[in-house]
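Those sequence lines, one after another, are chains L and B. The numbering of the first sequence is the working numbering, which starts it at 14 and goes up by one. The numbering of the second sequence is the working numbering, which starts it at 14 and goes up by one. Glycine included, each C-beta is placed from N, C-alpha and C at the ideal position. Here is the structure we will look at, set down as C-alpha cells.
Number of protein chains: 2
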Amino acid sequence: MSQRRQRGRPAGGSTGDTRAAILDAARSQFASQGYTGASLRSIAREAGVDASLISHYFGDKSQLLVATMELPVNPIEKITGVVAGGVDGMGERLLRTFLTAWDPHRDAFSALVRTQLASADAQVPMVQLMRDVVTHKVADVLEGDERKLRAALVASQLIGMALARYVVLLDPLPDTSVDDVVGRYAPSLQRLMDG
Amino acid sequence: MSQRRQRGRPAGGSTGDTRAAILDAARSQFASQGYTGASLRSIAREAGVDASLISHYFGDKSQLLVATMELPVNPIEKITGVVAGGVDGMGERLLRTFLTAWDPHRDAFSALVRTQLASADAQVPMVQLMRDVVTHKVADVLEGDERKLRAALVASQLIGMALARYVVLLDPLPDTSVDDVVGRYAPSLQRLMDG
Chain L
14 MSQRRQRGRP AGGSTGDTRA AILDAARSQF ASQGYTGASL RSIAREAGVD ASLISHYFGD
74 KSQLLVATME LPVNPIEKIT GVVAGGVDGM GERLLRTFLT AWDPHRDAFS ALVRTQLASA
134 DAQVPMVQLM RDVVTHKVAD VLEGDERKLR AALVASQLIG MALARYVVLL DPLPDTSVDD
194 VVGRYAPSLQ RLMDG
Chain B
14 MSQRRQRGRP AGGSTGDTRA AILDAARSQF ASQGYTGASL RSIAREAGVD ASLISHYFGD
74 KSQLLVATME LPVNPIEKIT GVVAGGVDGM GERLLRTFLT AWDPHRDAFS ALVRTQLASA
134 DAQVPMVQLM RDVVTHKVAD VLEGDERKLR AALVASQLIG MALARYVVLL DPLPDTSVDD
194 VVGRYAPSLQ RLMDG
C-alpha cells in the first residue's frame with residue numbers, strides 16, 4: 014500500500030488514474046523482476062488494485078508489457094495473427110507482417126532500439142518482449158527438434174533485419190520493397206521454422 | 014596546422030605521438046565526413062603528417078577505421094580471410110570465424126553495441142565498419158544479381174545473430190555451441206550468398 018501512496022495516484026480514483034497506476038506498477042515490476050518473475054498479482058498489489066482489473070483493462074501479462082511500451086504497433090496482436098496460421102508459410106507471413114507494421118514507424122523503431130539497447134540492463138521491455146513473448150510464441154508453433162533454438166534463430170534474423178532496415182541503414186535495405194525483402198529473406202526464416 | 018596545435022601533439026614528435034595524432038584526426042574525420050567522405054589525405058592534413066605515414070602505420074582506410082575502435086578482434090583481417098576463400102562454403106566460414114573471434118569477448122561486444130547504437134548518429138564507427146567495409150567486401154565476392162542487397166541481408170543476419178547471442182541473450186543462443194549455431198544458421202547465409 015505504501016507504494017501506491019508513494020506514486021501519489023489513488024487507485025480507487027478515475028479509470029485513467031487506475032490505468033496509470035497499473036502501468037506504473039507494471040513498469041516497476043517488469044524492470045525489477047523481469048517478465049518471467051513479475052506476476053499480475055504482484056503488479057496488482059503494487060498498484061493497489063485487484064488483479065482482475067488488470068485483465069479487464071489490459072488482457073494478459075504479455076499485453077500489459079506491450080501497454081507499458083506505448084508502441085505505435087501492437088506486436089502481440091501481430092504475432093498472434095502470424096502464428097495462428099501455423100508453420101506453413103509462416104516465414105513469409107512473419108516478415109511481411111513485421112515490415113508492413115513497422116515501415117510507417119521507422120523513426121519510432123529506431124528511437125526505441127537506441128534508447129533500450131543503450132541500457133546495460135537485460136530487463137528492458139523490448140528485450141523482454143522479444144525474448145519472453147515473441148520467441149515463445151514462435152517456438153510453440155514449431156515442430157521437430159530444438160524448437161527453442163530455432164525460434165531464437167528466427168527472432169535473431171528478425172532483429173537483424175529490423176536493425177539493418179531501420180537503424181543501421183544498410184544500403185539498399187532501407188529502400189528495398191517489402192516484396193523484394195520477403196522474397197529474398199523469408200525462405201531462410203522458413204527453413205529454420207521447418208527444421 | 015592549427016588543428017595540430019589545438020590537439021597539442023607535435024606530429025613530428027615520437028612515434029606514439031604521431032600515431033595518436035593520426036587516430037585523433039581519423040576519429041574526427043570519420044565522425045564528421047563519414048567513412049566514404051573521409052580520405053587518408055584529409056586525415057593526414059588534420060593530423061599534420063604526410064598521408065604515406067598513415068599507410069605506413071595503419072595500412073588502408075578500413076584498417077585505420079578499425080584502429081580507431083580499439084577492438085579486441087581485427088574484423089578486417091577476419092573478413093579478408095573469409096572472402097579470400099570465395100563464395101563456396103562462405104556462409105559457414107563467415108559465421109564460424111565471427112563467433113570464434115567474438116565469443117571470448119562477449120562483454121566487449123555488448124558494450125560496443127550499447128555505446129554505439131545509443132547514438133542517433135549514423136556515423137558511429139561500428140555502423141561504418143558494417144555498412145561501408147564488411148558489406149562491401151562480401152558484395153565484391155558474390156556472383157549473380159542484386160549482390161548489394163544480398164550482401165546487406167547477409168550482414169543483417171550476422172548483426173541479428175550477434176545481438177541475440179551477446180546482447181539480447183535470446184535463450185538458448187548464448188550457450189549454444191559454435192558447431193550447433195553454424196549447423197543451423199550457415200545454410201541460410203549460404204543461400205543468400207548463392208543467390
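If you measure between the beta carbons of residue i and residue j, is that distance less than 7 Å?
i	j	result
L130(B)	R127(L)	yes
A44(B)	T81(B)	no
S75(L)	V146(L)	yes
L183(L)	A177(L)	yes
V195(B)	E105(B)	yes
K150(B)	V79(B)	no
L142(L)	Y198(L)	no
G173(B)	G208(B)	no
A168(B)	T148(B)	yes
I'd like the list of long-range same chain contacts for residue i, defined as Cβ closer than 8 Å, with 5 residues on each side in sequence excluded.
i	result
A24(B)	Here the model assigns A24(B) a pLDDT of 47, short of 50, so the residue's position is not dependable, and the following value carries that caveat. Cβ within range, chain order: R17, D30, T31, A34, A60, G61 and V62.
G21(L)	Any reading at G21(L) needs caution, since the residue's pLDDT is 43, under 50, leaving its predicted position unreliable; the model's value is listed next. Correct list: empty, nothing qualifies.
S68(B)	L53
L166(B)	L205
F122(L)	W115, A175, Y179 and V180
A57(L)	I35, A38, D63, A64, L66 and I67
V154(B)	V96, G99, V100 and M103
Under the rule that 16 or more other beta-carbon atoms within 10 Å means buried, what is residue i, buried or exposed?
i	result
T93(L)	exposed
S201(B)	buried
S65(L)	exposed
G99(B)	exposed
V191(B)	exposed
D37(L)	buried
S27(L)	exposed
T49(B)	exposed
P88(B)	buried
Span of the alpha helix (DSSP H) holding residue i?
i	result
R163(B)	R160 to A175
M139(L)	P138 to Q141
P88(L)	P88 to A97
Y2(L)	The question about residue 2(L) has no answer, for chain L in this structure spans 14 to 208.
V126(L)	R119 to L130
Y179(B)	Counting along the chain, Y179(B) falls outside any alpha helix (DSSP H), and DSSP gives it neither H nor E.
D153(L)	T148 to V154
E59(B)	L53 to A60
E83(B)	Taken as a continuous stretch (DSSP letters only), E83(B) belongs to no alpha helix (DSSP H), as it is neither H nor E.
R106(B)	M103 to W115
V100(L)	No alpha helix (DSSP H) contains V100(L), which DSSP labels as neither H nor E.
D207(B)	V191 to D207
L66(L)	A64 to F71
Identify, in the order they occur along the chain, each residue of the same chain with its Cβ nearer than 6 Å to the Cβ of residue i, setting aside the five sequence neighbours on each side.
i	result
L77(L)	A39 and F71
K91(B)	T110 and A114
A51(L)	Q42 and F43
S15(L)	Only weak support exists for where S15(L) lies, its pLDDT of 41 falling under 50; the value from the coordinates is given anyway. Excluding positions up to five away in sequence, the list is empty.
M103(L)	M206
G47(B)	Q136
Q203(L)	G104
L186(L)	A177 and R178
Between which residues of its own chain and residue i is the CB-CB distance below 7 Å, once the five residues before and five after are set aside?
i	result
H118(L)	P85 and V86
A152(B)	R160, K161 and A164
Q19(L)	Note that Q19(L) has pLDDT 46, beneath the 50 cutoff, so the model's placement of it is unreliable and no number is given.
L125(L)	M139
L112(L)	V191 and V194
R144(L)	none
Using 7 Å as the limit for Cβ to Cβ distance, is residue i near chain D?
i	result
R58(B)	This model lacks chain D altogether, as its protein chains are L and B.
For residue i, is the beta carbon positioned less than 6 Å from some heavy atom of the ligand ATP?
i	result
A124(L)	As for the ligand ATP, it is missing from this structure, which has no ligand bound.
Closer than 8 Å, Cβ to Cβ, to anything on chain B: give me those residues from the segment 138-171 of chain L, in chain order. V140, M143, R144, T148, E159, K161, L162, R163, A165, L166, A168, S169, Q170 and L171
Just by C-beta distance, which residues in the segment 112-131 of chain B are closer than 7 Å to chain L? V126, R127, L130 and A131
Which residues, in order along the segment 181-197 of chain B, keep a beta-carbon less than 9 Å from a beta-carbon of chain L? V181, L182, L183, D184, P185, L186, T189, D193, V194 and R197
So if I threshold CB-CB distances at 7 Å, which residues from the segment 81-93 of chain B count as touching chain L? none
Below 8 Å between beta carbons is the criterion; list the residues of the segment 94-109 of chain L that meet it against any residue of chain B, in chain order. none
Check each residue of the segment 37-71 of chain B: if its Cβ is closer than 7 Å to any Cβ of chain L, include it; give the result in chain order. none
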